[in-house]
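Q:
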Amino acid sequence: MTTRFRTMTLLLIVVLALAACQAPAAAPAEPAAAPNAEAVVQALADALNAGDVDAAMALMSDNPSFTTDETITGVDAVRGLYEELVAGDFRIQPNVQSVEGDTIKSKTLTWGAGMPPAVEPLEADEVYIVQDGKISSISWTPTEESAKKLAAFMTGMEAEATVQALADALNAGDVDAAVALIADNAIFDMADGEPLNGADQFRELFDYLVAGHFRIEATPKNTDGGTVTTDTKTWGDGIPGGGPNIATEVYVVEGGKITSITWTPTEETMANMEAAAEQPATPEPVKVAVNGVEDIVGVWEGGDMGALQFNADGT
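Rendered as C-alpha cells:
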C-alpha cells in the first residue's frame, strides 16, 4: 500500500468517525395544535358561570359578533353583554350536538339575567364559529317553546309597567296621563256599583278621585301575558277612615292600553264600606247672611249646643 493510499484511507476513517459522533439532526418542529373547538365552547360557559368576564373575553377573537334578534360586533360590545349577563346571575349549559370544522352547534340552556321561574331555563339553538382556538361568532335562537315563554314574559313586563304608570299618574293628580292609558272601550267593574264603560266615564272617576286626594298602591302578585293581578291599597277622602281600602284587582292590558279593571275588595273592606253607607249623612251647616247686630239678636237653636240667646248689648 502506498503512502498516498494509506493517508487517504486514514482521512476517510476519521471523517466517518466524526460523523458518527455527531448528534442526529432534530426533526422539524410540528405547529402547536389549536385547542379543541368543543373545549373552547365549554371553557366560555365555565368562565361566564364563574362570573369571570376577562376569562370569557380571552376566548373571543379580535372582532367577535353575537347575534340574537340583532347582532352586536366588536370586543367592547360583547364584553358589555357579558358584564350584563354576569350581573344578572347568568348561567349557561351548552350541549354540543355536532362539530363540523370550525362550526359547533349546541342545544343550550340558560338561567338567570332577570328571567322568572316560569320562563327559565330558556332553551336555544346556538352556533359557534371557532377559529384557531378563538370564538369569532355566536348566534342564539330560542326554540319555539322558549320563544313563546319569552314573548309572554315580555308582554307581562310591559303590562305591569302600564299598571304602574296608571298608579303613578293618579298619585300625581295627572288625570290626562291616567286617561291616556285607558282604551276607548275600557270597562271598570267594581263590586259596589255599576261598571264604568269608556274613557269618558273613566275620566269622571279619575277627576273625582284626584279631587279627594286619592292614592293607590298596586302590587303585582300574578302576571299572565297581558293580565296583571294585584294586591291593591287605596286611600282618599271618600274612603271610610281615610283608608286603606284593600282589594284584589285584575288589569287586562292590550297594546299598552288598559282594556278592563276588576276591583274586588276584601271582606273587611266591603264591611267597612257597607257600614259607612248606612251612616246618616252629615247635614250641611246652615249659613245666614249677617249685615248688622239686629240680624243676630234673638234665640238660635240647633246643633249640640241647644238654644243660644244673643242680646243687643252683646251678651
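The sequence shown: position 180 = 314 (the working numbering), numbered continuously.
All C-beta atoms, glycine included, are put in the ideal place defined by N, C-alpha and C.
Check whether the Cβ atoms of D236 and V253 lie closer than 8 Å to each other.
A: For this step, residue 236 is matched to residue 102 along the sequence shown. For this step, residue 253 is matched to residue 119 along the sequence shown. No; because the gap between Cβ atoms is not below 8 Å, this pair is not in contact.
Q: What span of residues does the beta strand (DSSP E) with F348 cover, start to end?
A: By one-based count along the sequence shown, residue 348 stands at place 214. First-last for F348: undefined, no H or E at that position.
Q: Under 8 Å, do T244 and I226 count as touching if we go by C-beta distance?
A: Translated into positions along the sequence shown, residue 244 becomes position 110. Translated into positions along the sequence shown, residue 226 becomes position 92. The answer is yes: Cβ separation under 8 Å.
Q: Is the beta carbon of V220 sitting closer than 8 Å to the one on L193?
A: Within the sequence shown, residue 220 is the residue found at index 86, counting from 1. Within the sequence shown, residue 193 is the residue found at index 59, counting from 1. Taking 8 Å as the Cβ cut-off, V220 and L193 do not qualify as a contacting pair.
Q: Per the DSSP calculation, S271 is bridged to which residue(s)?
A: As a position in the sequence shown, residue 271 is number 137, starting the count at 1. According to DSSP, S271 bridges with S199 and I263.
Q: Helix, strand or coil: which one does DSSP assign to G432?
A: Working through the sequence shown from its first residue, we reach residue 432 at position 298. The answer is strand: DSSP assigns G432 an E or B state.
Q: Just to confirm the assignment, what range does the alpha helix (DSSP H) spanning M191 have?
A: In the sequence shown, counting from the first residue as 1, residue 191 sits at position 57. Element bounds for M191: V187 to M191.
Q: Only counting the same chain, and skipping five residues up and downstream in sequence, which positions put a Cβ closer than 7 Å to that of A177?
A: For this step, residue 177 is matched to residue 43 along the sequence shown. Once the five neighbours on either side are set aside, the close Cβ partners of A177 are L193.
Q: Within this structure, are the beta carbons of A352 and T361 separated by less than 8 Å?
A: As a first step, residue 352 must be located in the sequence shown, where it is residue number 218. As a first step, residue 361 must be located in the sequence shown, where it is residue number 227. In this structure, T361 does not lie closer than 8 Å to A352 by Cβ.
Q: So which of V387, M404 and A189 has the shortest CA-CA distance to E292?
A: One-based indexing of the sequence shown puts residue 292 at position 158. Nearest C-alpha to E292: V387.
Q: Can you check the stretch 217-259 for any alpha helix (DSSP H) of at least 4 residues that lies completely inside it and give the ranges in chain order?
A: Counting whole runs of 4 or more residues, the stretch 217-259 contains no alpha helix (DSSP H) stretch at all.
Q: Using the three-state DSSP reduction, which class does L315 fall into: helix, strand or coil?
A: In the sequence shown, counting from the first residue as 1, residue 315 sits at position 181. L315: coil per DSSP, three-state reduction.
Q: Three-state secondary structure (DSSP) at T119?
A: With the chain covering only 135 through 449, there is no way to say anything about residue 119.
Q: Excluding the 5 residues preceding and the 5 following I350 in the sequence, name in chain order all residues of the same chain whose CB lies nearer than 6 Å to its CB.
A: Within the sequence shown, residue 350 is the residue found at index 216, counting from 1. These residues qualify, in order along the chain: A301, L304 and T368.
Q: Under 8 Å between the Cβ atoms of I238 and V175?
A: Within the sequence shown, numbered from 1, the residue matching residue 238 stands at position 104. Within the sequence shown, numbered from 1, the residue matching residue 175 stands at position 41. Yes, the Cβ-Cβ distance between I238 and V175 is below 8 Å.
Q: What does DSSP give as the partner residues of A381 in its beta bridges?
A: Taking the sequence shown and counting its residues from 1, one reaches residue 381 at position 247. Per DSSP, T366 and P399.
Q: Kindly indicate which residue of D341, V384, S232 and I373 has the alpha-carbon position closest to the one of E408.
A: Here residue 408 corresponds to residue number 274 of the sequence shown, with the count starting at 1. Closest option to E408, Cα to Cα, is I373.
Q: Name the residue from T382, M324, P378 and G370 whose alpha carbon lies nearest to the alpha carbon of P354.
A: For the purposes of this step, residue 354 is identified with residue 220 of the sequence shown, where counting begins at 1. Ranking the options by Cα distance to P354, first place goes to T382.
Q: Taking the alpha carbon of D180 as the reference point, which residue from S394, P228 and V209 has its own alpha carbon closest?
A: The residue labelled residue 180 in the question sits at position 46 within the sequence shown. That would be P228, whose Cα lies nearest to the Cα of D180.
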